[in-house]
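Participant: Here it is, the structure, as structure tokens.
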Amino acid sequence: MLKPAARIRLPGDWQGTAEELASSASVFLADCGFDAKFFCTERLVRYYLSRGVLTQPEKDPVDRRKALFGNLQFRQLVLTRLLAERGWDLERVQGQLVGFKGPKSIGELDELLNQLAEPSQAEQLLFQSRRVSPGLASQDVDLCSDEMPGPFGKSSPRSMLSESVAGQHERQSRRSVIARKFVLAAREDVTLRRLADVVEKTLADPSLHPDEALALRELAQMARLAFKSGGKKERWTRVRLAPWCEVNLRVGGEIVNDKESKEYIISEFRRIISDYDSVL
Amino acid sequence: MTQHNPTNGLKLDILTLKPGLPSGQALKTKVLVRVVAPEQTDSPINQEQTQRAPIDLAVVIDRSGSMTGEPLDAAIGCAEKLIQSLRSDDRVAIVTFDSEVNVVQPLIALTEREVLCAKLRQIQAGGNTALFAGWQEGARQIAPFTTANRISRVILLTDGQANNGLTDPEAIAEKVAELARAGVTTSTVGLGGKFNETLLTKIADAGEGQAHYGQTPEDLEDGFAEEFQILNRARLRKLTLRVSGGRGVVANILRRDGSRGDSAKLGTLPHGAALDAIVQLEIGAERHAGGLLSATVDALDVAGNPVTLGPVVLSLPELNSAELEALPGNPAIAAAISESDFADEFLRIHELAQNGRVAEALAAIRALRNRPGSTEWAKRTARYIIDLADDDLESAIKEISYSGRSFRSRTREASLNEAYSIDYMLDAETAKPEVYLSKKLGSGRSRKRSGREEKPGAGI
Numbered sequence: 035m036l037k038p039a040a041r042i043r044l045p046g047d048w049q050g051t052a053e054e055l056a057s058s059a060s061v062f063l064a065d066c067g068f069d070a071k072f073f074c075t076e077r078l079v080r081y082y083l084s085r086g087v088l089t090q091p092e093k094d095p096v097d098r099r100k101a102l103f104g105n106l107q108f109r110q111l112v113l114t115r116l117l118a119e120r121g122w123d124l125e126r127v128q129g130q131l132v133g134f135k136g137p138k139s140i141g142e143l144d145e146l147l148n149q150l151a152e153p154s155q156a157e158q159l160l161f162q163s164r165r166v167s168p169g170l171a172s173q174d175v176d177l178c179s180d181e182m183p184g185p186f187g188k189s190s191p192r193s194m195l196s197e198s199v200a201g202q203h204e205r206q207s208r209r210s211v212i213a214r215k216f217v218l219a220a221r222e223d224v225t226l227r228r229l230a231d232v233v234e235k236t237l238a239d240p241s242l243h244p245d246e247a248l249a250l251r252e253l254a255q256m257a258r259l260a261f262k263s264g265g266k267k268e269r270w271t272r273v274r275l276a277p278w279c280e281v282n283l284r285v286g287g288e289i290v291n292d293k294e295s296k297e298y299i300i301s302e303f304r305r306i307i308s309d310y311d312s313v314l
Numbered sequence: 161m162t163q164h165n166p167t168n169g170l171k172l173d174i175l176t177l178k179p180g181l182p183s184g185q186a187l188k189t190k191v192l193v194r195v196v197a198p199e200q201t202d203s204p205i206n207q208e209q210t211q212r213a214p215i216d217l218a219v220v221i222d223r224s225g226s227m228t229g230e231p232l233d234a235a236i237g238c239a240e241k242l243i244q245s246l247r248s249d250d251r252v253a254i255v256t257f258d259s260e261v262n263v264v265q266p267l268i269a270l271t272e273r274e275v276l277c278a279k280l281r282q283i284q285a286g287g288n289t290a291l292f293a294g295w296q297e298g299a300r301q302i303a304p305f306t307t308a309n310r311i312s313r314v315i316l317l318t319d320g321q322a323n324n325g326l327t328d329p330e331a332i333a334e335k336v337a338e339l340a341r342a343g344v345t346t347s348t349v350g351l352g353g354k355f356n357e358t359l360l361t362k363i364a365d366a367g368e369g370q371a372h373y374g375q376t377p378e379d380l381e382d383g384f385a386e387e388f389q390i391l392n393r394a395r396l397r398k399l400t401l402r403v404s405g406g407r408g409v410v411a412n413i414l415r416r417d418g419s420r421g422d423s424a425k426l427g428t429l430p431h432g433a434a435l436d437a438i439v440q441l442e443i444g445a446e447r448h449a450g451g452l453l454s455a456t457v458d459a460l461d462v463a464g465n466p467v468t469l470g471p472v473v474l475s476l477p478e479l480n481s482a483e484l485e486a487l488p489g490n491p492a493i494a495a496a497i498s499e500s501d502f503a504d505e506f507l508r509i510h511e512l513a514q515n516g517r518v519a520e521a522l523a524a525i526r527a528l529r530n531r532p533g534s535t536e537w538a539k540r541t542a543r544y545i546i547d548l549a550d551d552d553l554e555s556a557i558k559e560i561s562y563s564g565r566s567f568r569s570r571t572r573e574a575s576l577n578e579a580y581s582i583d584y585m586l587d588a589e590t591a592k593p594e595v596y597l598s599k600k601l602g603s604g605r606s607r608k609r610s611g612r613e614e615k616p617g618a619g620i
């Protein structure tokens, strides 16, 4: 089988917009056998850019308002997408993308891509989404808290682990706890006419953490899609709250867009995110 | 009893004190299982070796408040020496911890050693000791890159007790062992006089690495030199010995940590050296002398390919007591078994000291000084510890633990007779370049340091 870097088909002088970059990365990842959750969007490109994971693009010499990305950002995006989906926080991903003298070269990133395309058994054992934060040491986390997505569409992390390790997969993961809490909040206690309105207004809050903002944007997008399909009294929709968190929400026709409900869902989401951080 | 592999010269032996068994009697005895790698002929030691796999090293430094001053300086000095001693195709990550964990440098190629050393020198002491979290972050830095053709090792430098986060030694060792099986090994360095040697040796054993201790970077020079020479000259890695007794025979390997079982990890075997394991046999009266013990070694070569040696089967003729008495015993095997017994004694004595029965422990060490059948190295180590206890009881107790380990698990010379029948002197001037072959006196002191360690001889 070809190494992942050898599957990159972009010309050496390739340049493209954020949308084209996202599309190229998604096509490449699909070609390598990664499923749809690894794919990239223009919004994600802009988010990674704002977090400093992607090198700043060049300005189009003809249209100075247009940003052009190249092969370097393509590799940075693919690696970030792969690693973020495996639970790496962006700081940690960035640590891999830079060397002593700034961003790593295309050749170095290709080597990195070949090394990191598949998670090692040791990485799977240590897989967690926790960040290096003040709360980190006060609560050491169990190894192998979650199953990692398998690259190349055929890797089965469970089968790669020892029996005892596979057993640990059965443990309740913190992520699923958060997801469950959120689902319960959405299902049982909240009635909103337009979930999208709520989350979009929340985005105006300057104290919002970028991770929360990304999750809320995705939530808003999904809610909008759900309402666009229209007509049904009740439907389920899958929402990605963050790269590491997906929930299935029942979107009902009785959702009420009142201030109390909005505040409730916002405070619940914040509390859950905050609980999550303090646990980790 | 010997299998030669014509392609690579590796050898697996089962060696006995006498070449026979007392006829029809049940007995307990010990035998030596020995794996020998041939001398490397193409390149001398101390030169850049191309044979060994490149290393990904995570240096994890405790910067808790108690490390302020000399211990932190020693840790930083050690880390600098480590970085300077690595090859250009190796990579290093630096992690510090107190009550928080900080990644000073994610895993990076060694193109700018001075930049890394400058980062090290900026580390300052802080709060509590979240030892497990620190180790875990170090492991996280190198775990994604684990492959069969790279060595992934965490080196944990600490002066203290784990008092934040996961602190139970058994639980920590379990996690460390789990990761070692997945390819990330761990060595430990205890600094100063207050560290928990039981925890650190347990971690090193579980992590399939080495345990060192000392008070200055110089004290640790020999330990690291040994560790890296072994890695540089590695012929086989991750050796695991498996034994099984024949009909009517129970076979148990005496492991480094004092436990027993039918398998044991032996570590890394360098060129021109041997790794030994003592196997205890409980031979029933109803046995089949044609197949008393079978031994097999599984390992990886430097390229990460699996290698199996054996099985080698031990068969001994049954002799009457007069015939057996007339046979000469092999002094080299006797010495090996005696040192293994010494290791057992040291473990027991260390436990006494840990339980507060210090006077009893010291009396037991004194009794070992003149124990008949002991090797000169073992006797002199006992004397050294007694002298050390007069000045620094805490260090003496730690020395009991670390010396006991080296009696059982030291890398030996390939020649059995040279290794056991000659108690050669090795001081700073006459020491062999292969540090791992020297019989060091005092695990936690540099041979170069002046003072007590010069008194009885820097090493034997």
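Quick mapping for you: the protein sequence lines, in order, are chains R and G. Here the first sequence is numbered in this note's numbering, starting from 35 and rising by one per residue. Here the second sequence is numbered in this note's numbering, starting from 161 and rising by one per residue. All C-beta atoms in this analysis are idealised placements derived from N, C-alpha and C, irrespective of residue type, glycine included.
Tell me whether F134(R) is buried or exposed, calling it buried when 16 or more other Cβ atoms sit within 10 Å of its Cβ.
Facilitator: Position 100 of the first sequence holds residue 134(R). It counts as exposed.
Participant: Which residue marks the beginning of the beta strand (DSSP E) containing E368(G), and which one marks its end?
Facilitator: Taking the second sequence and counting its residues from 1, one reaches residue 368(G) at position 208. 368-374 is the extent of the beta strand (DSSP E) around E368(G).
Participant: Once DSSP output is grouped into helix, strand and coil, what is the label at P45(R)?
Facilitator: For the purposes of this step, residue 45(R) is taken as residue 11 along the first sequence, with counting starting at 1. P45(R): coil per DSSP, three-state reduction.
Participant: Any beta carbon from chain R within less than 8 Å of A243(G)'s own beta carbon?
Facilitator: Locating residue 243(G) in the second sequence gives position 83, counting from the first residue. For clarity, residue 243(G) is Ile in the given sequence; the question names Ala instead. No, because no Cβ of chain R sits closer than 8 Å to the Cβ of I243(G).
Participant: Between R41(R) and chain G, is any beta-carbon pair separated by less than 8 Å?
Facilitator: Taking the first sequence and counting its residues from 1, one reaches residue 41(R) at position 7. By this cut-off, R41(R) is not an interface position.
Participant: Taking only beta-carbon positions, decide if P95(R) is within less than 8 Å of chain G.
Facilitator: Locating residue 95(R) in the first sequence gives position 61, counting from the first residue. Not closer than 8 Å to any Cβ of chain G, the Cβ of P95(R) fails to qualify, so no.
Participant: Is it the case that the Cβ atoms of A411(G) and D422(G) are separated by a distance below 8 Å?
Facilitator: One-based indexing of the second sequence puts residue 411(G) at position 251. One-based indexing of the second sequence puts residue 422(G) at position 262. Yes, these two residues count as a Cβ contact at 8 Å.
Participant: Counting Cβ pairs closer than 8 Å, one from the segment 376-396 of chain G and one from the segment 459-466 of chain G, do we hit at least three?
Facilitator: Yes: the two stretches touch, three or more of their Cβ pairs being nearer than 8 Å.
Participant: My guess is that F305(G) and D222(G) are in contact by the Cβ rule of under 8 Å, so how many angstroms apart are they, rounded?
Facilitator: As a working mapping, residue 305(G) is identified with position 145 in the second sequence. As a working mapping, residue 222(G) is identified with position 62 in the second sequence. Actually they are not in contact, since the Cβ atoms of F305(G) and D222(G) sit about 24 Å apart, beyond 8 Å.
Participant: Closer than 8 Å by C-beta to L453(G): which residues in its own chain qualify, once you throw out the five before and the five after it? Chain order, please.
Facilitator: Numbered from 1 along the second sequence, position 293 holds the residue referred to as residue 453(G). Same-chain partners within the cutoff: I174, V191, V403, S404, G405, G406, V409, A411, V439, L441, V473, L474.
Participant: Whose CA, out of F292(G), E260(G), T176(G), lies closest to the CA of K362(G)?
Facilitator: Working through the second sequence from its first residue, we reach residue 362(G) at position 202. Measuring from the Cα of K362(G), the nearest candidate turns out to be F292(G).
Participant: Residues of the segment 436-447 of chain G with a CB closer than 8 Å to any CB of chain R: list them in chain order, please.
Facilitator: Answer in chain order: no residues at all.
Participant: Does any residue of chain G have a CB that is nearer than 8 Å to the CB of F103(R)?
Facilitator: Mapped onto the first sequence, residue 103(R) falls at position 69. Judged by the 8 Å Cβ criterion, F103(R) is not in contact with chain G.
Participant: According to DSSP, simplified to helix, strand and coil, what is P430(G)?
Facilitator: As a working mapping, residue 430(G) is identified with position 270 in the second sequence. Looking at P430(G) - three-state DSSP - the assignment turns out to be strand.
Participant: Find the residues of chain G that neighbour F68(R), judging by a C-beta separation of less than 7 Å, and give them in chain order.
Facilitator: Looking up residue 68(R) in the first sequence gives position 34. Going along chain G, no residue has its Cβ under 7 Å from F68(R), so there is no contact; the nearest lies around 17 Å.
Participant: Under the assumption that V255(G) contacts V220(G) (Cβ atoms under 8 Å), give the Cβ distance between them as a whole number of angstroms.
Facilitator: Along the second sequence, read from residue 1 onward, the residue named residue 255(G) stands at position 95. Along the second sequence, read from residue 1 onward, the residue named residue 220(G) stands at position 60. The pair is a contact, with the Cβ atoms about 5 Å apart (cut-off 8 Å).
Participant: Counting only Cβ pairs nearer than 8 Å, list the residues of chain G close to P153(R).
Facilitator: Against the first sequence, residue 153(R) aligns to sequence position 119. The contacting residues are P304.
Participant: Could you spell out where the alpha helix (DSSP H) holding G564(G) opens and where it closes?
Facilitator: As a working mapping, residue 564(G) is identified with position 404 in the second sequence. First-last of the alpha helix (DSSP H) with G564(G): 553-569.
Participant: Which one or two residues does DSSP pair with L140(G) in a beta bridge?
Facilitator: Limits of chain G in this structure are 161 at one end and 620 at the other, which puts residue 140(G) out of reach.
Participant: Give the straight-line distance between the Cα atoms of Q158(R) and L232(G), rounded to the nearest whole angstrom.
Facilitator: For the purposes of this step, residue 158(R) is taken as residue 124 along the first sequence, with counting starting at 1. For the purposes of this step, residue 232(G) is taken as residue 72 along the second sequence, with counting starting at 1. Whole-angstrom Cα-Cα distance: 32 Å.
Participant: For N356(G), collect the residues of the same chain with a Cβ closer than 6 Å to its Cβ; drop the 5 residues on either side in sequence, then sort them by chain order.
Facilitator: For the purposes of this step, residue 356(G) is taken as the residue at position 196 of the second sequence. The answer, listed in chain order, is Q321.
Participant: On the three-state DSSP scale, how would you describe T345(G)?
Facilitator: Residue numbering aside, residue 345(G) sits at position 185 when the second sequence is read from its first letter. DSSP places T345(G) in strand when its eight states are reduced to three.
Participant: Give me, in chain order, the residues of the same chain whose beta-carbon lies closer than 7 Å to that of A132(R); leave out the 5 immediate sequence neighbours on both sides.
Facilitator: As a working note, residue 132(R) is residue 98 in the first sequence. Before going on, a small fix: residue 132(R) reads as Val here, not Ala. K138.
Participant: Which partner residues does E119(R) have in the DSSP bridge list?
Facilitator: For the purposes of this step, residue 119(R) is identified with residue 85 of the first sequence, where counting begins at 1. Looking at the DSSP assignment, E119(R) forms no beta bridge with any residue, so it has no partner.
Participant: At least one CB of chain G closer than 8 Å to the CB of L44(R): is that the case?
Facilitator: In the first sequence, counting from the first residue as 1, residue 44(R) sits at position 10. Taking Cβ atoms only, chain G never reaches closer than 8 Å to L44(R), which makes this a no.
Participant: By alpha-carbon positions, which one of L435(G), N323(G), K425(G) ends up nearest to R572(G)?
Facilitator: Position 412 of the second sequence holds residue 572(G). When each option's Cα is compared against that of R572(G), the closest is L435(G).
Participant: Which residue wins for smallest C-alpha separation from F257(G), given the options P198(G), N323(G), L512(G)?
Facilitator: The sequence position of residue 257(G) within the second sequence is 97, counting from 1. Selected option, being the one with the closest Cα: N323(G).
Participant: If you run the structure through DSSP and keep just helix, strand and coil, what is N412(G)?
Facilitator: Your numbering for residue 412(G) matches position 252 in the second sequence. Residue state, collapsed to three classes: strand.
Participant: Which whole-angstrom value describes the C-beta separation of G542(G) and R529(G), a residue pair presumed to lie in contact below a C-beta threshold of 8 Å?
Facilitator: Counted from its first residue, the second sequence places residue 542(G) at position 382. Counted from its first residue, the second sequence places residue 529(G) at position 369. Reading the sequence as shown, one finds Ala at residue 542(G) and not Gly. Indeed they touch by this definition, with Cβ atoms about 5 Å apart.
Participant: With a cut-off of 8 Å, does the C-beta of Q296(G) fall near any C-beta of chain R?
Facilitator: Residue 296(G) sits at position 136 when you count from the first residue of the second sequence. Taking Cβ atoms only, chain R reaches closer than 8 Å to Q296(G), which makes this a yes.
Participant: Can you give me the start and stop residues for the beta strand (DSSP E) that V263(G) sits inside?
Facilitator: Indexing the second sequence from 1 puts residue 263(G) at position 103. Segment 261-269, the beta strand (DSSP E) holding V263(G).
Participant: What residues of chain C sit near G86(R), judged by a beta carbon separation below 7 Å?
Facilitator: Of the chains in the structure shown, none is chain C; the protein chains are R and G.
Participant: Going by DSSP in three states, I109(G) sits in which element: helix, strand or coil?
Facilitator: Outside the shown range of chain G, which is 161 to 620, sits residue 109(G), and nothing can be said about it.
Participant: So with CB distances below 8 Å, who are the chain G contacts of E119(R)?
Facilitator: Working through the first sequence from its first residue, we reach residue 119(R) at position 85. Those within 8 Å of E119(R) in chain G number zero; the least Cβ separation is about 13 Å.
Participant: Using the three-state DSSP reduction, which class does E288(R) fall into: helix, strand or coil?
Facilitator: Within the first sequence, the letter at position 254 stands for residue 288(R). In this predicted model, E288(R) has a pLDDT of only 46, less than 50, meaning its place in the structure is not dependable; the value taken from the coordinates is given anyway. E288(R) falls in the coil class under three-state DSSP.
Participant: Using DSSP bridges, identify the partner residues of A455(G).
Facilitator: Position 295 of the second sequence, counted from the first residue, corresponds to residue 455(G). Paired residue(s): V403(G), V472(G).
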